[in-house]
Amino acid sequence: MSMSRRDLLAAAGKFIILSGAAQEAMESATGDLAPDSKYRMAEHYWAMTIDINKCIGCGNCVKACAQENEVPKGFFRTWVERYEVSGDDLEHPRVDSPNGGMNGFPSIDKPADKAFFVSKLCNHCAHSPCVQSCPVGATFESPDGVVLVDQKYCVGCGYCIQACPYGCRYMHPTKHVADKCSLCYHRITKGLTTACCEVCPTGSRRLADLKDPKDPVHDFLRVNKIQVLKPEMATGAKVFYKDLDGSVR
Amino acid sequence: MNTGVEGFMYPNEMQLQWSVLIVLYPFITGLVAGAFILASLARIFHIAAVQPVYRLSLLTALAFMMVAPLPLQLHLGHPERSLEMYLTPHKTSAMAMFGFVYLWYLMVVLLLEIWLDYRKDIVLAARSSTGWKKWLYTALTLGSNRIDERSLHVDERVGWFVTLIGIPSAFLLHGYVGFIFGSVKANPWWSSPLMPVVFIFSAMVSGIAAVLLVYQASCYFRKRPVDMPCLDTIAKYLFYTFLIDFSLEMLDLVHRTYESSQSFRTLDFMVHTRLFGSQIVGQIFLGTLIPLALLLFTQVGKPSEHIRRTLYTLGAFLTLLGIFSMRWNVVIGGQLFSKSYLGYTTYKMEFAEREGLLPAIILMILPFVLLWIMVKILPPWQEQKA
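From first to last, the protein sequence lines are chains A and B. The opening residue of the first sequence carries number 0 in numbering that gives the first Met the number 0; numbering runs sequentially from there. The opening residue of the second sequence carries number 0 in numbering that gives the first Met the number 0; numbering runs sequentially from there.
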């Protein structure tokens with residue numbers, strides 16, 4: 000069979016692109032590290048910080064996450080909620096999140112006293128109810144503090160979804176396994192940040208390594224008033240919010 | 000997009016995880032546990048009046064037990080991986096032990112007790128029958144052909160011991176199912192230490208009601224008179240266990256109402272709107288207050304036999320409706336509100352889908368088919384035993 004130089008280059012290009020994509024997809028699905036990875040799990044403990052005042056509700060994070068992780072339509076590994084609170088009525092905030100805030104938010108006709116955006120994702124809890132409840136151990140916490148799902152092992156019972164107090168999990172409509180934010184494990188183990196943090200235009204979201212003494216997270220936690228979502232659940236949530244309003248749930 | 004959403008739900012909450020099949024799961028295991036407890040009244044507590052339904056109760060329990068895992072299998076996203084629960088159970092999971100509790104109850108308690116109780120009949124049938132029946136009964140003897148007095152005495156003693164173990168096992172089976180729900184701290188509708196206890200008593204109620212109906216139906220089809228002292232005794236136990244069950248549920252309700260914690264308004268609103276039909280009408284009014292009133296009347300009014308039978312039948316039907324509604328309200332109700340406590344969704348049941356109404360109906364008919372087959376192979380009738 001004869002092959003022109005042009006055909007050879009095209010075939011080689013396809014091979015390089017496809018093999019890279021296949022490897023990427025494999026790592027994305029399983030969280031496995033490449034054999035030659037220099038990443039050491041024991042040297043990291045991942046978390047995230049979110050500055051409420053910096054979030055402008057643009058939805059870039061939701062879009063980037065969906066694209067990066069092939070999140071099925073109608074489901075969200077991360078999403079943005081808009082809160083409107085009137086006066087002292089903290090118990091009845093008006094909340095919306097159209098399409099997870101992916102395309103931003105419509106304008107408000109009658110503005111409340113205050114309004115703000117809260118972006119959400121898996122809290123990668125240290126005492127995670129989803130990890131506790133998984134009957135086969137398909138959901139687990141990695142040594143570097145990321146809660147992951149082994150999609151080749153999950154039986155698809157949905158118990159972890161019931162157990163998550165934050166609504167962060169969903170049943171993947173075609174894979175029929177539990178799915179959720181992996182903190183872009185395939186990226187952070189290569190020294191990159193998460194897709195959502197990468198595209199956040201205001202720096203509201205920041206990936207944090209609690210084991211890295213030089214990480215700005217330590218200053219962030221020391222200087223600011225910090226809260227986690229639903230602290231009464233005692234899940235050891237590791238998404239830390241600055242200036243989180245009492246009406247947020 | 001789920002159009003039945005009102006208020007705010009977290010975006011991933013639009014999809015209900017657990018369907019009508021998961022409603023069937025606690026309903027069916029409840030019937031198993033309840034029917035077994037009724038059988039144990041005759042065996043352990045020597046309540047002679049319920050002796051006519053002893054074997055029928057055991058077979059009823061077994062028929063439902065054989066179907067119990069099917070709704071779970073149908074529900075799983077990957078049923079082919081369900082064996083992993085046995086092979087690599089995750090010890091911290093409240094759900095992981097189901098397979099073991101199920102196997103313990105099926106193999107060690109139910110099958111063993113039924114086999115021991117029927118062994119003499121099986122051996123005699125193996126000797127007297129011909130053709131495929133002979134093969135069947137010979138296989139069922141499991142090679143144990145001695146039916147002398149000493150062997151039967153051993154059967155009796157071991158059977159008694161198995162029943163003794165069976166009572167806490169029945170409690171474990173259904174209390175465990177209650178714990179699967181009651182231990183979910185993320186869900187205020189489920190999270191309660193009372194849940195396993197309520198499940199145990201509601202199981203007894205439903206199992207006793209089911210056997211009451213099955214026994215009457217068996218008498219009707221066999222054209223035999225109903226043993227009224229037996230029926231009266233079953234109805235009496237149904238009434239008392241139902242009172243305890245109702246008291247526990249009311250305790251839960253009063254506690255929640257008085258505490259009025261963060262989730263209360265949401266749950267209260269849900270009960271008065273989306274769950275009104277199944278909770279207020281189905282579970283409390285039709286399924287609890289009316290059958291309790293009917294049973295109370297039979298206890299204190301001493302009506303005629305015919306009226307008693309009619310009221311027992313009606314009461315038992317309504318009781319089963321009430322317990323089914325209770326399972327529905329727990330499983331479906333627990334998913335209709337947002338964990339943000341700011342919104343509600345709806346459950347739209349499919350029909351001929353994997354988790355739809357049709358499979359649910361088939362799964363509820365299947366135990367009766369199995370019971371019919373088992374009754375043909377192992378007749379439970381007292382007059383034949385005598």
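Each residue gets a CB set at the ideal place from its N, CA and C atoms; glycine is no exception.
Between residue 204 of chain A and residue 174 of chain A, the alpha-carbon positions lie close to 29 Å from each other. Interface residue (Cβ-Cβ distance to chain B less than 8 Å): residue 141 of chain A is not classified as such. Distance from the CA of residue 154 of chain B to the CA of residue 128 of chain B, rounded to the nearest whole angstrom, comes to 23 Å. Within its own chain, the residues whose Cβ lies closer than 6 Å to the Cβ of residue 62 of chain A, once the five positions on either side in sequence are excluded, are 101, listed in chain order. According to the DSSP assignment, residue 241 of chain A belongs to the beta strand (DSSP E) that extends over 238-241. DSSP places residue 111 of chain B outside any beta strand (DSSP E); the residue lies instead in the alpha helix (DSSP H), whose first and last residues are 111-127.
Against chain A, a Cβ distance below 7 Å from residue 219 of chain B picks out nothing, because the smallest value is about 40 Å. For residue 368 of chain B, same chain residues with a beta-carbon under 8 Å away, outside a window of 5 residues either side, do not exist. Every alpha helix (DSSP H) stretch that sits fully inside the segment 142-204 of chain A and reaches 4 residues is listed by chain position as 158-162, 184-187 and 194-198. In chain order, 122 place their CB closer than 6 Å to the CB of residue 144 of chain B, counting only its own chain and leaving out the 5 sequence neighbours on each side.
Look at the beta carbons and you see the segment 2-9 of chain B not touching the segment 103-118 of chain A: under three pairs across the two are nearer than 8 Å. The segment 199-219 of chain B makes contact with the segment 318-333 of chain B; the number of CB pairs closer than 8 Å reaches 3 or more. Of the residues B:216, B:297, B:218 and B:167, the one whose Cα lies closest to the Cα of residue 43 of chain B is B:167. Put simply, the segment 182-195 of chain A touches the segment 38-52 of chain A. At least three CB pairs are less than 8 Å apart. Look at residue 343 of chain B here: in three-state DSSP terms it is strand. Among the CB atoms of chain A, none fall inside 8 Å of the CB of residue 271 of chain B.
The count of Cβ pairs closer than 8 Å, one atom from the segment 235-253 of chain B and one from the segment 60-75 of chain B, stays below three, leaving the stretches out of contact. Taking a Cβ-Cβ threshold of 7 Å, none of the residues of chain B is close to residue 230 of chain A; the smallest such distance is about 13 Å. In the three-state scheme derived from DSSP, where H, G and I count as helix and E and B as strand, residue 47 of chain A is classed as strand.
The beta-carbon of residue 96 of chain A is placed less than 8 Å from the nearest beta-carbon of chain B. Look at residue 82 of chain A here: in three-state DSSP terms it is strand. Taking every protein chain shown into account, the CB of residue 96 of chain A has 16 or more other CB atoms within 10 angstroms, so this residue is buried. In summary, the residues of the segment 59-77 of chain B whose CB is separated from some CB of chain A by less than 9 Å are 71, 74, 75, 76 and 77, in the order they occur in the chain. Three or more Cβ pairs drawn from the segment 262-269 of chain B and the segment 328-341 of chain B lie within less than 8 Å of each other, which places the two stretches in contact. For residue 75 of chain A, the secondary structure class from DSSP, reduced to helix, strand or coil, is coil. Residues of the segment 130-158 of chain B with a C-beta less than 7 Å from any C-beta of chain A: none at all. Counting along the chain, residue 326 of chain B sits inside the alpha helix (DSSP H) bounded by residues 304-330. Setting aside the 5 residues that flank it on each side, residue 317 of chain B is surrounded in the same chain by 285, 286, 289 and 290, each with a C-beta closer than 7 Å to its C-beta; the list follows chain order.
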